[in-house]
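Shown next as structure tokens:
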């Protein structure tokens, strides 16, 4: 009788162990499936990040090139401003223009003196 009870207890213990192993197996398989899903998701996100990084690098390069062009334009603008402010700058240009206008009217006056035009009704 005791032997039988011991055998039944051993059988029950083995059954519980098998149930626990089966449960662990299911849990392990579920974890592997979830890990695979997460790995795929992370791979897709990593690829998206890589594409964004390449796009950002390209934009940064374009911005850098644009900044160089702006710096060159600013340099040319400063040079032009310096030239306009110098001896032959805007003030000098205005004085030359005024002198030329004065000279033009003097020449017009001389030509008018040479070729006197009578009033239209005479």
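In our numbering, the protein residues as written are 12 to 133. Each residue gets a CB set at the ideal place from its N, CA and C atoms; glycine is no exception.
Return the Cβ separation of residue i and residue j in integer angstroms, given the expectation that the two are a contact with Cβ distance under 8 Å.
| i | j | result |
| --- | --- | --- |
| residue 100 | residue 94 | 7 Å |
For the ligand MG, I want to know if residue i counts as a neighbour, meaning its beta carbon is within less than 7 Å of at least one of the ligand's heavy atoms.
| i | result |
| --- | --- |
| residue 63 | With respect to the ligand MG, the structure offers nothing, as it holds no ligand at all. |
Within the region 80-106, ranges of the beta strand (DSSP E) (whole runs, at least 3 residues):
none
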